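Engineer:
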Amino acid sequence: ETGVTQTPRHLVMGMTNKKSLKCEQHLGHNAMYWYKQSAKKPLELMFVYSLEERVENNSVPSRFSPECPNSSHLFLHLHTLQPEDSALYLCASSHNPGGYTFGSGTRLTVV
Amino acid sequence: EDQVTQSPEALRLQEGESSSLNCSYTVSGLRGLFWYRQDPGKGPEFLFTLYSAGEEKEKERLKATLTKKESFLHITAPKPEDSATYLCAVQALSNSGYALNFGKGTSLLVTP
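Residue numbers (my numbering), protein chains in the order written: chain Y, 1 to 111; chain U, 1001 to 1112.
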């Protein structure tokens, strides 16, 4: 398998649930990212990992918790989310510096 | 603070009717400007990277240009399959994490 793969593609969760989003890249890139995409808003950077170390955390609420166990895998752990957290969550990877390769995203709905 | 503004927000073209999308930016030292295409329900797909003013890149019906303040994505004789949202993003020299700062996008609809 090539490129950036995200699972699941769709997720519906209650506000008290705990779930995780998974991202895997097979491109040999050294950086991985989580972005949030909401309607009518620009993509919002959530987390950056470069060489498996978190470089940036753009003041994201603690109910979102990232994990990068190695250079090919990235997780986003979710707990006690709010309805306004419903969005498309995109994972991307890159060689630093350079453009990104995105996954297809996880469409998250919080009920 | 880095800013990226795309216009128009939405554009409707007849097949074959050429036009341009605009991306205005302010950044404290540009490392690169990126164009992406996004289809509904999918992640953005890379189109071009531009690094310095005066640079141009082409791919099929698309041509991207760059000045010190803005970039244009020119679409020549578009086809319905060019319908998508086009995203512009900048990467700043000062950004140690190499994050991309995106605009809101231009939603393009090409009708037969």
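Just so it is clear, CB atoms sit at the ideal spot from N, CA and C, and this is done for glycine as well. All values reported here derive from a predicted model rather than from experimental measurement.
Using only CA atoms, which one of Y/K41, Y/A39 and Y/H73 lies nearest to Y/V48?
Structural biologist: That would be Y/H73, whose Cα lies nearest to the Cα of Y/V48.
Engineer: How would you call U/D1039, buried or exposed, if buried means at least 16 neighbouring beta carbons within 10 angstroms?
Structural biologist: The residue in question, U/D1039, is exposed, as its Cβ has fewer than 16 Cβ neighbours within 10 Å.
Engineer: Going residue by residue through the stretch 1051-1081 of chain U, where are the continuous beta strand (DSSP E) segments of at least 3 residues, counting only ones entirely within it?
Structural biologist: Entirely contained in the stretch 1051-1081 of chain U, the beta strand (DSSP E) runs reaching 3 residues are, in chain order, 1056-1059, 1062-1066 and 1070-1075.
Engineer: List, in order along the chain, the chain Y residues whose C-beta lies closer than 8 Å to that of U/A1099?
Structural biologist: Correct list: Y33, L45, V48 and E56.
Engineer: Rounded to the nearest angstrom, how far is the Cβ of U/E1070 from that of U/S1024, given a contact under 8 Å?
Structural biologist: Indeed they touch by this definition, with Cβ atoms about 5 Å apart.
Engineer: Is the Cβ of U/R1037 closer than 8 Å to any Cβ of chain Y?
Structural biologist: So, not an interface residue.
Engineer: Hey, is Y/P97's beta-carbon within less than 8 Å of any beta-carbon in chain U?
Structural biologist: Output row for Y/P97: interface = yes.
Engineer: Pull out every residue of the stretch 1015-1029 of chain U whose Cβ sits closer than 8 Å to any Cβ of chain Y, in chain order.
Structural biologist: Listed in sequence order: no entries.
Engineer: Could you work out which residues of chain Y lie near U/Q1091, taking near to mean beta carbons separated by less than 7 Å?
Structural biologist: Those are P97, listed as they occur along chain Y.
Engineer: Could you check what DSSP says for U/E1017 in three-state terms: helix, strand or coil?
Structural biologist: The answer is coil: DSSP assigns U/E1017 none of H, G, I, E or B.
Engineer: Along chain U, which residues have their Cβ under 8 Å away from the Cβ of Y/Y89?
Structural biologist: In chain order: nothing, as chain U lies at least about 10 Å away.
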